[in-house]
Amino acid sequence: MNGSNRWSEFPCRWRCVTLPGACAISFPTVRGRSFWTVRTASDETMTLSNEEIEKLRRIGAVVAKTLEEMERHLEPGITTLELDEIGREVLLDHGAQSAPELVYDFPGATCISVNERAAHGIPGDLVVEAGDLVNIDVSAELDGFFADSGASFGVAPIDDEKQKLLDTTKEALEKAMSMARHGRPIKMIGRLVEGLARDRGYTVIRNLGGHGIGRELHKKPSFIPHFFDRREKRKFREGQVLTLEPFLAMGARRVEEMDDGWTLRTENRGLVAQFEHTMIITRQEPIVLTRRSNEDIEQ
Numbered sequence: 058m059n060g061s062n063r064w065s066e067f068p069c070r071w072r073c074v075t076l077p078g079a080c081a082i083s084f085p086t087v088r089g090r091s092f093w094t095v096r097t098a099s100d101e102t103m104t105l106s107n108e109e110i111e112k113l114r115r116i117g118a119v120v121a122k123t124l125e126e127m128e129r130h131l132e133p134g135i136t137t138l139e140l141d142e143i144g145r146e147v148l149l150d151h152g153a154q155s156a157p158e159l160v161y162d163f164p165g166a167t168c169i170s171v172n173e174r175a176a177h178g179i180p181g182d183l184v185v186e187a188g189d190l191v192n193i194d195v196s197a198e199l200d201g202f203f204a205d206s207g208a209s210f211g212v213a214p215i216d217d218e219k220q221k222l223l224d225t226t227k228e229a230l231e232k233a234m235s236m237a238r239h240g241r242p243i244k245m246i247g248r249l250v251e252g253l254a255r256d257r258g259y260t261v262i263r264n265l266g267g268h269g270i271g272r273e274l275h276k277k278p279s280f281i282p283h284f285f286d287r288r289e290k291r292k293f294r295e296g297q298v299l300t301l302e303p304f305l306a307m308g309a310r311r312v313e314e315m316d317d318g319w320t321l322r323t324e325n326r327g328l329v330a331q332f333e334h335t336m337i338i339t340r341q342e343p344i345v346l347t348r349r350s351n352e353d354i355e356q
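Those letters in the sequence shown? Residues 58 to 356, per my numbering, in order.
Right, dumping it as structure tokens:
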């Protein structure tokens with residue numbers, strides 16, 4: 058199976074070509090109940106026991122810790138392979154497995170994408186330089202459960218234009234998460250993110266999106282658009298475990314696969330940024346499983 062259709066059988070943000078992707082966190086109880094039972098729009102019933110929630114919390118914390126440690130070592134002169142090895146070591150230290158390697162035989166423990174490369178960048182001999190935008194996407198498995206998180210970082214010094222792109226993309230994710238709760242239409246997320254991007258002069262990548270996660274790296278709800286799609290009829294359901302991950306770009310609306318069969322870059326070779334968290338949907342704001350201890354929260 059070649060790179061371009063390697064992902065096509067998996068219903069998620071990689072629906073066209075798509076994705077390989079905490080710091081201990083406090084975790085609220087589930088209103089005294091031993092599990093959540095949810096009936097989705099497709100009449101598929103799913104449950105989350107407290108034991109399963111705890112396992113999701115643990116792998117979410119490992120993913121966040123890995124991303125945090127990789128960010129700490131991100132500086133001019135480091136190669137993306139060296140950065141990936143740091144991530145691999147953190148995962149192994151916590152007994153976790155790289156999800157891209159485990160599920161898709163990806164050639165790296167993490168995905169590291171620089172500047173116009175939006176996702177699935179293969180760690181290698183590329184040297185990080187001052188002024189680069191570097192996206193790190195970490196997804197991993199522990200005790201049969203997966204979590205996925207990503208973030209874009211500016212390698213100092215960066216100019217105001219790049220910083221604005223990072224800030225706006227982070228803001229888009231935080232606002233999208235605040236809207237994601239039981240019973241609300243999924244398309245509200247796309248309306249919010251696309252509206253914010255347009256107001257700030259950016260575009261949304263349309264062939265990358267969020268996805269369900271949990272016992273599998275990619276599961277229902279499949280591809281969650283971060284642009285407004287009138288055809289989207291699904292609603293968020295309490296107990297769903299999923300990712301939200303807007304990709305905002307400087308003019309591009311799609312990504313395309315590079316010759317290595319994995320890396321996705323913007324169609325216009327413009328810059329792109331992404332932020333991603335794994336969360337559990339509730340009747341209030343979601344429980345974010347992959348929040349980093351050093352993470353600023355935009356409101």
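All C-beta atoms, glycine included, are put in the ideal place defined by N, C-alpha and C.
Report the rounded CA-to-CA distance for K292 versus C168, giving the unit in angstroms. Position 235 of the sequence shown, counted from the start, is the residue given in the question as residue 292. Position 111 of the sequence shown, counted from the start, is the residue given in the question as residue 168. Straight through space, the alpha carbons of C168 and K292 are spaced by roughly 30 Å.
Check whether the stretch 299-309 and the stretch 252-265 are in contact - that is, three or more C-beta pairs closer than 8 Å. Counting Cβ pairs under 8 Å, three or more are found: they touch.
Measuring CA to CA, which of R238, I270 and E128 is closest to A156? Residue mapping note: residue 156 aligns to position 99 of the sequence shown, counting from 1. Looking from the CA of A156, the closest CA among R238, I270 and E128 belongs to I270.
Taking the beta carbon of K122 as the centre, do at least 16 other beta carbons fall within 10 Å, making it buried, or is it exposed? Here residue 122 corresponds to residue number 65 of the sequence shown, with the count starting at 1. So K122 counts as buried.
With a Cβ-Cβ cutoff of 9 Å, do G152 and L113 count as a contact? Position 95 of the sequence shown holds residue 152. Position 56 of the sequence shown holds residue 113. For G152 and L113, no; Cβs fall outside 9 Å.
Since I believe L346 is in contact with G207 (beta carbons under 8 Å), could you give me their beta-carbon distance rounded to a whole number of angstroms? The residue labelled residue 207 in the question sits at position 150 within the sequence shown. The residue labelled residue 346 in the question sits at position 289 within the sequence shown. L346 and G207 do not touch by the CB rule: their CB atoms are close to 14 Å apart, not below 8 Å.
The beta strand (DSSP E) that contains D205, what's its start and end? Indexing the sequence shown from 1 puts residue 205 at position 148. Residues F202 to G211.
Secondary structure of E342, DSSP reduced to three states: Translated into the one-based positions of the sequence shown, residue 342 becomes position 285. Of the three classes helix, strand and coil, the one that applies to E342 here is coil, per DSSP.
Only counting the same chain, and skipping five residues up and downstream in sequence, which positions put a Cβ closer than 6 Å to that of R257? The sequence position of residue 257 within the sequence shown is 200, counting from 1. Counting only Cβ-Cβ distances below 6 Å, and skipping sequence neighbours, we find T225.
Name the one or two DSSP bridge partners that L249 has. Residue mapping note: residue 249 aligns to position 192 of the sequence shown, counting from 1. DSSP output for L249 lists no bridge partner at all.
Taking C-beta to C-beta, are Q154 and A197 nearer than 9 Å? In the sequence shown, the residue the question calls residue 154 occupies position 97. In the sequence shown, the residue the question calls residue 197 occupies position 140. Going by beta carbons, Q154 and A197 fall inside the 9 Å limit.
Under the three-state reduction of DSSP, which class applies to R145: helix, strand or coil? Locating residue 145 in the sequence shown gives position 88, where the first residue counts as 1. Three-state DSSP puts R145 in a helix.
Going by DSSP, which residues form a beta bridge with F304? As a position in the sequence shown, residue 304 is number 247, starting the count at 1. Paired residues: Q331.
For the stretch 228-289, which segments carrying the alpha helix (DSSP H) assignment without a break, of at least 4 residues, lie completely within its bounds, in sequence order? If one requires a minimum length of 4 residues, the alpha helix (DSSP H) runs lying completely within the stretch 228-289 are 244-257, in chain order.
With which residues is T323 paired in a DSSP beta bridge? Sequence index remark: in the sequence shown, residue 323 carries index 266 (1-based). Answer is V312.
Return the bridge partner residues of A176 from the DSSP annotation. The residue labelled residue 176 in the question sits at position 119 within the sequence shown. DSSP, once it has assigned bridges, lists L321 as partnering A176.
Measure from the alpha carbon of A175 to the alpha carbon of each residue in R349, G247 and F332, then state which is nearest. Counting from 1 along the sequence shown, the entry for residue 175 is found at position 118. The shortest C-alpha separation from A175 is found at F332.
Let me confirm a value: N351 is counted as buried when at least 16 other C-beta atoms fall within 10 Å, else exposed. Which label applies? Numbered from 1 along the sequence shown, position 294 holds the residue referred to as residue 351. Exposed: under 16 other Cβ atoms inside 10 Å.
Supposed contact pair H334 and E295 - C-beta distance, whole angstroms, cut 8 Å: On the sequence shown, residue 295 is found 238 positions in, with the first residue counted as 1. On the sequence shown, residue 334 is found 277 positions in, with the first residue counted as 1. In this structure, E295 and H334 do not form a Cβ contact; the two beta carbons are roughly 18 Å apart against a cut-off of 8 Å.
Looking only at C-alpha atoms, which of K276, G188, G165 and E173 sits nearest to D182? Position 125 of the sequence shown, counted from the first residue, corresponds to residue 182. For D182, the closest of K276, G188, G165 and E173 by C-alpha to C-alpha distance is G165.
Which two residues bound the contiguous alpha helix (DSSP H) that contains E158? Residue mapping note: residue 158 aligns to position 101 of the sequence shown, counting from 1. For E158, the enclosing alpha helix (DSSP H) starts and ends at A156 to Y161.
Report yes or no: do the stretch 307-315 and the stretch 135-153 share at least 3 C-beta pairs separated by less than 8 Å? Here the stretch 307-315 does not lie against the stretch 135-153, with fewer than 3 beta-carbon pairs under 8 Å apart.
Among S235, K227, E218 and N172, which one has its Cα closest to the Cα of N325? Start at 1 with the first residue of the sequence shown, and residue 325 comes out as number 268. Out of S235, K227, E218 and N172, N172 has the C-alpha closest to the C-alpha of N325.
Tell me which same chain residues have a C-beta within less than 8 Å of the C-beta of L253, skipping the five on either side of it? Walking along the sequence shown from the start, residue 253 turns up at place 196. Excluding positions up to five away in sequence, the list reads T225, E228, A229 and K232.
With a CB to CB cut of under 7 Å and the five nearest residues on each side skipped, what residues in its chain are close to V184? Translated into positions along the sequence shown, residue 184 becomes position 127. These residues qualify, in order along the chain: G134 and T136.
What's the gap between the Cα of Y161 and the Cα of L274? For this step, residue 161 is matched to residue 104 along the sequence shown. For this step, residue 274 is matched to residue 217 along the sequence shown. Between the C-alpha atoms of Y161 and L274 there is a straight-line separation of about 10 Å.
What residues in its chain sit with their C-beta under 6 Å from that of F284, if we drop five residues either side in the sequence? Locating residue 284 in the sequence shown gives position 227, where the first residue counts as 1. Answer for F284: G247, E251, V261 and R263, listed in chain order.
For D194, which three-state DSSP category applies? To locate residue 194, count along the sequence shown from 1; it is residue 137. If DSSP states are grouped into helix, strand and coil, D194 belongs with the strands.
Based on Cα-Cα distance, which residue from R348, R129, G188 and I193 lies nearest to G178? As a first step, residue 178 must be located in the sequence shown, where it is residue number 121. Closest by alpha carbon: I193.
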